[in-house]
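J.:
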Amino acid sequence: MSTATLAQALNTALGDALREDPDVHVLGEDVGTLGGVFRITDGLAAEFGSQRCLDTPLAEAGILGTAVGMAMYGLRPVVEMQFDAFAYPAFEQLVSHVAKMRNRTAGKLPLPITIRVPYGGGIGGVEHHSDSSEAYYAHTPGLHVVTPATVADGYGLLRAAIASDDPVVFLEPKRLYWSKDEFTPAPVEPIGRAVVRRTGSSATLLTYGPSLPVCLEAAEAAKAEGWDLTVVDLRSLVPFDDETVCAAVRATGRAVVVHEASGFGGVGAEIAARVTERCFHHLAAPVLRVTGFDIPYPPPMLERHHLPGVDRILDAVALLQWEQ
Amino acid sequence: MSTATLAQALNTALGDALREDPDVHVLGEDVGTLGGVFRITDGLAAEFGSQRCLDTPLAEAGILGTAVGMAMYGLRPVVEMQFDAFAYPAFEQLVSHVAKMRNRTAGKLPLPITIRVPYGGGIGGVEHHSDSSEAYYAHTPGLHVVTPATVADGYGLLRAAIASDDPVVFLEPKRLYWSKDEFTPAPVEPIGRAVVRRTGSSATLLTYGPSLPVCLEAAEAAKAEGWDLTVVDLRSLVPFDDETVCAAVRATGRAVVVHEASGFGGVGAEIAARVTERCFHHLAAPVLRVTGFDIPYPPPMLERHHLPGVDRILDAVALLQWEQ
Amino acid sequence: MTLLDQPAGAPMGSVWPPDAHGPRRDPAPLLPDPEPLRVLGTQAADKLDAELLRELYRRLVLGRRYNQQATTLTKQGRLAVYPASTGQEACQIAAAMALRETDWLFPSYRDTLAVVSRGVRPVEALTLLRGNAHHGWDPKAHRVAPLSTPLATQAPHAVGLAHAARLRGDDVVALALVGDGGTSEGDFHEALNFAGVLNAPVVFLVQNNGYAISVPLAKQSAAPTLAHKAVGYGISGRLVDGNDAAAMHSVLTEAVEHARSGRGPVLVEAVTYRLEAHTNADDATRYRTPEEVAAWQARDPLAMLETHLREAGLIDDAEVAAAAEAAEELAGEMRAEFHAEPELDPLSLFTHVYAEPTPQLREQAALLAAELAAEADAR
Amino acid sequence: MTLLDQPAGAPMGSVWPPDAHGPRRDPAPLLPDPEPLRVLGTQAADKLDAELLRELYRRLVLGRRYNQQATTLTKQGRLAVYPASTGQEACQIAAAMALRETDWLFPSYRDTLAVVSRGVRPVEALTLLRGNAHHGWDPKAHRVAPLSTPLATQAPHAVGLAHAARLRGDDVVALALVGDGGTSEGDFHEALNFAGVLNAPVVFLVQNNGYAISVPLAKQSAAPTLAHKAVGYGISGRLVDGNDAAAMHSVLTEAVEHARSGRGPVLVEAVTYRLEAHTNADDATRYRTPEEVAAWQARDPLAMLETHLREAGLIDDAEVAAAAEAAEELAGEMRAEFHAEPELDPLSLFTHVYAEPTPQLREQAALLAAELAAEADAR
Ligand SMILES: Cc1ncc(C[n+]2csc(CCOP(=O)(O)OP(=O)(O)O)c2C)c(N)n1
Ligand SMILES: Cc1ncc(C[n+]2csc(CCOP(=O)(O)OP(=O)(O)O)c2C)c(N)n1
Ligand SMILES: [Mg+2]
Ligand SMILES: [Mg+2]
């Protein structure tokens, strides 16, 4: 048991995966000599060589397309996209090939590719460096979409993603890279389970990735208002853990979904819709959403107004029709 | 008043726009000499010249990026993407520039670009020729997203899209291209209003584009079961007409959302979520969704099992808790 | 005289510190010849192995018949759509013959003849176009990637596979087939650049058939030739007459061996022509003249080879008849296989989306299963 | 001897029917010289206008000071991040000077000096990097597009704008600035191809500074030079010493006039070097040696020009002092402007998403307005 940052846990996970499986290859822009702009691949090229941790030319479709070919030959590529918005050039390769190859070939050509995408805001990045793009991926059948919110999950989920025989879009909350916590490399469990981070009786917050700490903070603050909140960390958007989520919502009868991405057509809409479909008669109020606005991500000096904060979450909780 | 197919109405709209405004330029793959693979631009190059209706090289990012530059100089480009899945190479240009340019420049550089995308299935197309990609666009702030379901709207909405000073993703339901109806070029009204195609008292079907005829057929069939259904044609996904939609849902207290796209994270989730947020206490049952499955679009001989059909819609209506 | 026109003055010391600014490769050997390589009807033809020419002929005859039969199947509704390679058979066959058993082929939708020539059964090669499934054959067993519909997207796959094989120490060359239109896509550029940087054992064959559906090459590229794109990636560019089966076979075989030997990737432009419409759904009269088609009919790869073989006395009527007979056999097999209705299992739609269906997919499969059961009862 | 090595045999009739297979442009004039054009220290320098050289010098001094001051502002937290063009000032200044008032510039994030040299105030040119807004100046008033962060995505914009201007009959050239790394992106390829096909009046300046963040050119491209990419698009490729202000100015000015005259697009590769880290957030010692940096310090564009001017007796101490003074003035203005806190209006986030806010955005703006009001009361 030692303490590590999320960045270090991810780095450890990559190192362990490279060590245990010679088929694992890391590739991307600046992942080699530099160790990545966020240093997630720091030291890997030195330990495993510049081929196992490859500095590629600057072309995201080329990177992912090359990874597809490597996976077709039996390797397990781990691709780094440098920032969320810079994964968009690879969108066709992702949607038309990575997501569909197994299905198209009736299982003959699985593509065990992990696509690491630092995502979300809160780091004062200039435009195109703070997008929350999870909804694009979650709506694309054939992809698994996961996002860690804790140091331990950073390690566990990344190992699980790399071990998966399916393509996994692995969304790394940038602003949590430097968050510290106790951590020991845990045994890898399969992708797909949410976890209840806090159990309360008043209402349930459903969230993931960068918004988890905010929700936990909101739950603390809610005590003062007399609300005891449950907080569920989804961890995996696809597959979705209806079981855990619905149990947590039924237990309180009220729910708020929280994420950074713009609300319209966001993953929160899916969560609200499916929870309502499944828990309708347990609900005392509609499932509400606290999300980023339906605007392009703001410039650094204004981003705090866009990001779901404790107050905005509590305002939503207050609207859950307590009068009844 | 004469009869026309949706394809002809779209063709007429493009011709009228080119005639009325010298700044309107059509560009895309095969739009010139050939008149487009669906013949939507048939005859335009002959009438307006090969520059006003330009056959471009085969590169979607290049097409859209070139259109951005043309719009920056004051033209009104109308881009044709040959098929839904072949718009993906332009995703970065669309999300990072087309959707954001006006906002980024505080209104100094608006981009009045119309992006025509034939979308959806039901035409026996091979893979990558039947995607329903509306959710990707609807979740991208800065884009308007509209889709006609009738011959008249084909003309009216396309004229409105071209007249709009904002970028509009104009989704054309392929399988309705050959559907015929009476039609006279109508005066152009702004984008953003849904329309009630049929008023009933039992439950409300919320749909758009290729699924409208299916819903109207389902409404007819529902009579036999004793259900009188309202059918709302959204027409515009962004902006969304909460007013019309919520009024229609409140009036019946029950609603089913229908679309071809995969359900998970689809536009139907947003509709179900926002309708529930706004109409919760008017709802006798959760808003249900009838959508394509969460699978890659099937091969031609199996697509009928994927597409929402009358029976599947009626099965959903039957689940709207009539017992109460 | 302007500075641009005049040669650079004697530089005081190079501005090329080796470290950062990288290789100063000599462009000369990377540039293609001005004219496409032609062998038939030249002295070079005499050097060719007669049995090889006869083999090319037999395959061309088969290939032509394959294209005819597939087109007929579309008319009978047995194929949803067929993009014929009629007129491009020399390219298709050379692509298959240039590869070893262990090499990989990355075809596009138009390249099913190359796939068949590589040993895949027509009914499997044409599955995508038949419409019962997305794909037919076992890619790993045949070392043939699925037909790629999104243009040029298969090119980076070929680079990645070739790179991976070399990392494993395996002797594998990947051959990617792209059309002239496909060269305009960003993926083509990125693939060639990766290939050059990784020095991957990959060959890109561009079948320049003059059109991307209706768009002629003149509207597609202003390059001297498409093979001239190679130098921009530090790889070798080769230009060949795509209707000259002997030239195609020589150039492509050498390109593959060039890549195999570690001397780097090769971009081959084959100048050819699509004699049929883009697909059976296309109306080619909208964008090209009968005269143009006739000019290319006169350069039919099959006719050109047969003429050469007959003039050189390398083939007799018996062999011609035998080739035709083999072709009829192939056509017969195709008719038989396509007449049988394909087996369809709607529930298979959920089987291979993931290694394990998600809980959501299991729910959806159950829904469809119930519907199918109800349908069955209704009957 | 193999078929690939040997010249093509005498062809019986060309395989190039003109109609479909398009232009057979001569590649020779499109190919760059093997060595980057160098003027300073060559005979060609004597031909240069002394006043032009002094103007270049004054702007270089300003540019260098601008880079220093911007870097200082990052240390004081007045700029969120700054990608310095220190060492590339000759490229930046030439880019601005080569254009006429009516031409358009399409810069990347590293090109704010070019933007400032075009007449935009530093505080506006640096708005994106200051963080108070996404963009500062009026693009149409200055005919300078916003800084493009997604690499090479501005290249097709330049093509489209140049094409549109020509359609309108206006005399406008568009100059797109791209980095060596940016040339690997698909958008770069697609833009150059469109430019060649449309024969658009556009110039692409690639500032090859040897690195894409940490990735050296050798890992980025295997091309003989990046200028060799031009021939693949049928456009002219030019290679120039990016640290030689006189050469840069000559080559770029001629490239722009080449495009303006309708002779087609030009791709210019300027061989230069980024003397600072990628940005203030980058640690360049992780990927390059002090020796390498020192070697390029010795080729500092400012020092090279000043040496030439002094040796040629074209400048005296007074002029040097005057230039330094002007630079200090600029730096002072920058300090003053950046010390003032920028005005921020949170509700402006909703104003320009669309021409008219959607009903949804009006709801959301109201929510934020209520929060801000509550905040205000709380204070
Ligand atoms: C990314 C993408 N854009 C558009 C299309 C639609 N499309 C299919 S074939 C074709 C023309 C291709 O021409 P070419 O590359 O020359 O190949 P050919 O058909 O001549 O063999 C087009 C535009 C596609 N399949 N993929
Ligand atoms: C599409 C895209 N991918 C990745 C990035 C992240 N990124 C920013 S700068 C940079 C390196 C660019 O190198 P180069 O083009 O040589 O320009 P330079 O920084 O050297 O001026 C990278 C990878 C980006 N901005 N856009
Ligand atoms: Mg072609
Ligand atoms: Mg660089």
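Residue numbers (this note's numbering), protein chains in the order written: chain C, 1 to 324; chain G, 1001 to 1324; chain R, 2001 to 2379; chain Y, 3001 to 3379.
Backbone N, C-alpha and C fix where the C-beta goes; we use that ideal spot for every residue, glycine too.
Is DSSP giving C:Ser201 helix, strand or coil here?
T.: In this structure, C:Ser201 counts as coil in the three-state DSSP scheme.
J.: In three-state DSSP terms, what is G:Asp1233?
T.: DSSP places G:Asp1233 in strand when its eight states are reduced to three.
J.: Taking 9 Å as the threshold (beta carbon to beta carbon), is Y:Thr3332 in contact with chain R?
T.: A small correction: the amino acid at residue 3332 of chain Y is Gly; Thr does not occupy that position in the sequence shown. Cβ-Cβ to chain R under 9 Å: no for Y:Gly3332.
J.: Let me check one thing: in DSSP terms, what residues is R:Phe2350 bridge-paired to?
T.: Answer is none; R:Phe2350 lacks a bridge partner.
J.: Do C:Pro167 and C:Gly156 have their CB atoms nearer than 9 Å?
T.: Cβ atoms of C:Pro167 and C:Gly156: not closer than 9 Å.
J.: Of all the CB atoms in chain R, is at least one closer than 9 Å to the CB of C:Ala17?
T.: No - not a single Cβ of chain R is within 9 Å of the one on C:Ala17.
J.: Per DSSP, what kind of secondary structure is Y:Asp3005 in: helix, strand or coil?
T.: Reliability fails at Y:Asp3005, whose pLDDT of 34 lies under 50, so the model's placement of it is uncertain and the value that follows must be treated cautiously. Correct three-state label for Y:Asp3005: coil.
J.: Near R:Thr2002, which residues of its chain fall below 7 Å by C-beta distance, leaving aside the five closest residues on each side in sequence?
T.: Any answer about R:Thr2002 is weak, because its pLDDT of 34 lies below 50 and its placement is not dependable; what the coordinates show is given next. Here the set comprises nothing.
J.: Please confirm if C:Met301 has its CB atom under 9 Å from at least one CB of chain Y.
T.: So yes, C:Met301 belongs to the interface.
J.: Y:Gln3207: beta carbon under 8 Å from a heavy atom of ligand 4?
T.: Because some heavy atom of ligand 4 lies under 8 Å away, the Cβ of Y:Gln3207 counts as near it: yes.
J.: Please say whether C:Ala160 and C:Pro190 have beta carbons closer to each other than 9 Å?
T.: It is a contact, given that the beta carbons lie within the stated cut-off.
J.: Regarding Y:His3135 and ligand 2, is the C-beta to nearest heavy atom distance less than 8 Å?
T.: Flag unset: Cβ of Y:His3135 not near ligand 2.
J.: According to the neighbour-count rule (16 or more other Cβ atoms, all chains shown, within 10 Å of its Cβ), is R:Arg2110 buried or exposed?
T.: Buried.
J.: Which residues bound the alpha helix (DSSP H) around C:Phe183?
T.: From DSSP, C:Phe183 is part of no alpha helix (DSSP H) but of the beta strand (DSSP E) over Lys180 to Phe183.
J.: Using a Cβ-Cβ cutoff of 9 Å, what residues of the stretch 91-110 of chain C are near chain G? List them in chain order.
T.: Within the stretch 91-110 of chain C, the residues whose Cβ lies closer than 9 Å to some Cβ of chain G are Phe91, Glu92, Gln93, Leu94, Val95, Ser96, Ala99, Lys100, Asn103 and Arg104, listed in chain order.
J.: Do Y:Ile3235 and Y:Pro3265 have their C-beta atoms closer together than 9 Å?
T.: Cβ atoms of Y:Ile3235 and Y:Pro3265: closer than 9 Å.
J.: Does the CB of C:Ile271 have a neighbour CB from chain Y at under 9 Å?
T.: Cβ-Cβ to chain Y under 9 Å: no for C:Ile271.
J.: Roughly how many angstroms lie between the CA atoms of G:Leu1229 and G:Val1287, to the nearest whole one?
T.: Distance between the alpha carbons of G:Leu1229 and G:Val1287 is about 14 Å.
J.: Look at the alpha carbon of R:Pro2011 and the alpha carbon of R:Ala2176, and state the distance between them as a whole number of angstroms.
T.: Since pLDDT at R:Pro2011 reaches only 37, below the 50 mark, its modelled position is unreliable, and the value read off the structure follows with that caveat. Each residue's Cα considered, the two are about 42 Å apart.
J.: Of the residues that make up the stretch 3110-3125 of chain Y, which ones have a beta carbon closer than 7 Å to any beta carbon in chain G?
T.: So the list is empty, because no residue satisfies the distance condition.
J.: Identify the residues that DSSP records as bridge partners of R:Gly2269: which are they?
T.: Per the sequence presented here, residue 2269 of chain R reads as Glu, with Gly not at that position. Bridge partners of R:Glu2269: R:Val2206 and R:Leu2239.
J.: In this structure, what does DSSP give as the bridge partners for C:Leu171?
T.: Note: C:Leu171 sits in a beta bridge opposite C:Val117.
J.: Within 10 angstroms of its Cβ, does G:Ser1002 collect 16 or more other Cβ (buried), or is it exposed?
T.: The residue is exposed, with fewer than 16 neighbouring Cβ atoms inside 10 Å.
J.: What is the C-beta distance between G:Leu1206 and G:Val1169, in whole angstroms, given that I count them as a contact (C-beta under 8 Å)?
T.: Going by Cβ atoms, the distance from G:Leu1206 to G:Val1169 rounds to 20 Å, so no, they are not a contact pair.
J.: Establish whether the CB of G:Pro1089 and some CB of chain R are separated by less than 9 Å.
T.: Closer than 9 Å to some Cβ of chain R, the Cβ of G:Pro1089 qualifies, so yes.
J.: Please state whether the Cβ-Cβ distance between G:Val1257 and G:Gly1268 is less than 9 Å.
T.: Result yes, Cβ atoms of G:Val1257 and G:Gly1268 sit closer than 9 Å.
J.: If we define contact as Cβ-Cβ less than 9 Å, is Y:Asp3026 a contact residue for chain R?
T.: So yes, Y:Asp3026 belongs to the interface.
J.: Within the 9 Å Cβ cut-off, does Y:Gly3186 reach chain G?
T.: It does: the Cβ of Y:Gly3186 has a partner Cβ on chain G nearer than 9 Å.
J.: Of all the alpha helix (DSSP H) runs that stay within the bounds of the stretch 3048-3121 of chain Y, which reach a length of 4 or more residues?
T.: Listed in chain order, they are 3050-3075, 3089-3098 and 3112-3117.
J.: Given a limit of 8 Å on CB to CB distance, which residues of the stretch 2215-2236 of chain R reach chain G?
T.: From the stretch 2215-2236 of chain R, only Val2215, Lys2219, Gln2220 and Ser2221 have a Cβ closer than 8 Å to chain G.
J.: Using a threshold of 9 Å, state whether the C-beta atoms of C:Gln82 and C:Leu64 are closer than that.
T.: In this structure, C:Leu64 does not lie closer than 9 Å to C:Gln82 by Cβ.
J.: Could you list the residues in the stretch 129-155 of chain C with a C-beta less than 7 Å from some C-beta on chain G, going in chain order?
T.: The residues in question are Ala135, Tyr136, Ala138, His139, Pro141 and Gly142.
J.: Under 8 Å: do the stretch 315-324 of chain C and the stretch 1171-1188 of chain G share three or more Cβ pairs, one atom per stretch?
T.: No contact exists between the stretch 315-324 of chain C and the stretch 1171-1188 of chain G.
J.: Let me confirm a value: G:Asp1055 is counted as buried when at least 16 other C-beta atoms fall within 10 Å, else exposed. Which label applies?
T.: G:Asp1055 comes out buried.
J.: Under a Cβ-count criterion, where at least 16 other Cβ atoms within 10 Å of its own Cβ denotes burial, should R:Gln2069 be classed as buried or exposed?
T.: Label assigned to R:Gln2069: buried.
J.: Using a Cβ-Cβ cut-off of 7 Å (strictly less than) and excluding sequence neighbours within five positions of G:Ala1222, which residues of its own chain qualify?
T.: Same-chain partners within the cutoff: Leu1229, Leu1314 and Val1317.
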